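According to the numbering used here, the sequence shown is numbered sequentially starting from 804.
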Amino acid sequence: MTKWYSSKTVYRSETGKVYHGAEEMKAWMTELFYSFEANKHIPEYYVQYKVDGATKIHVGFRRLLWIKGNTGPEPDTDTPVAWICEIGPADDPDAYLGLQFKTSSIHWDKTQTVALLKKKLPSDL
């Protein structure tokens, strides 16, 4: 994970929960997406700008999810997601092109997903 995310990254979920470091963030995402057979992200927009020397990126995409057992072509949910992040000089030697994500925030309406699963998603609802 430290190829992309700094070992010091701060990641905020849509519920306000904060994850510190690439490994903590990876553990949350692994547990979260374990409930699904597959997921796919379809980008819809990308905005990049600089503020006080920091590169900020806003990305909007659709998150398609297939629950376990659905191996067909049609997803069970198709939900909009907004992702906001800051990229800067790497904190770790294995970083991609000397850059890493420093902060990230995800904004995802889980209403459809929660209704579909009829239970709480692992670790972060």
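Ideal placement from N, C-alpha and C gives every residue a C-beta, glycine not left out. As the structure is a prediction and not an experimental result, all values here were calculated from the model.
### Task
Can you grab the Cα-Cα spacing for the pair M832 / T805, in whole Å?
By 1-based counting over the sequence shown, the position of residue 832 is 29. By 1-based counting over the sequence shown, the position of residue 805 is 2. Spanning the two alpha carbons is a distance of roughly 15 Å.
### Query
T858: which of R815, S907, G891 sits nearest, CA to CA?
Here the question's residue 858 lines up with position 55 in the sequence shown. Measuring from the Cα of T858, the nearest candidate turns out to be G891.
#### Entry: Cβ shell of T916 (< 6 Å), same chain only, five flanking positions each side left out
Taking the first residue of the sequence shown as 1, we reach residue 916 at position 113. Excluding positions up to five away in sequence, the list reads T880.
### Query
Quick one: Cα of G872 to Cα of L835, how far?
As a first step, residue 872 is located in the sequence shown; it is residue number 69 there, counting from the start. As a first step, residue 835 is located in the sequence shown; it is residue number 32 there, counting from the start. Spanning the two alpha carbons is a distance of roughly 17 Å.
#### Entry: 9 Å Cβ cutoff met for V850 and H861
Residue mapping note: residue 850 aligns to position 47 of the sequence shown, counting from 1. Residue mapping note: residue 861 aligns to position 58 of the sequence shown, counting from 1. Their beta carbons are under 9 Å apart, which means V850 touches H861 by this criterion.
#### Entry: Supposed close pair E827, W911 - CB separation, criterion 8 Å
As a working note, residue 827 is residue 24 in the sequence shown. As a working note, residue 911 is residue 108 in the sequence shown. No, E827 and W911 are not in contact; Cβ-Cβ is about 18 Å, not under 8 Å.
### Task
Could you pull the start and end residues of the alpha helix (DSSP H) that A825 belongs to?
Here residue 825 refers to the residue found at position 22 when the sequence shown is read from its first residue. Unbroken alpha helix (DSSP H) run through A825: 825-836.
### Message
I need the boundaries of the alpha helix (DSSP H) containing T914, first residue and last residue.
### Response
For the purposes of this step, residue 914 is identified with residue 111 of the sequence shown, where counting begins at 1. Segment 914-920, the alpha helix (DSSP H) holding T914.
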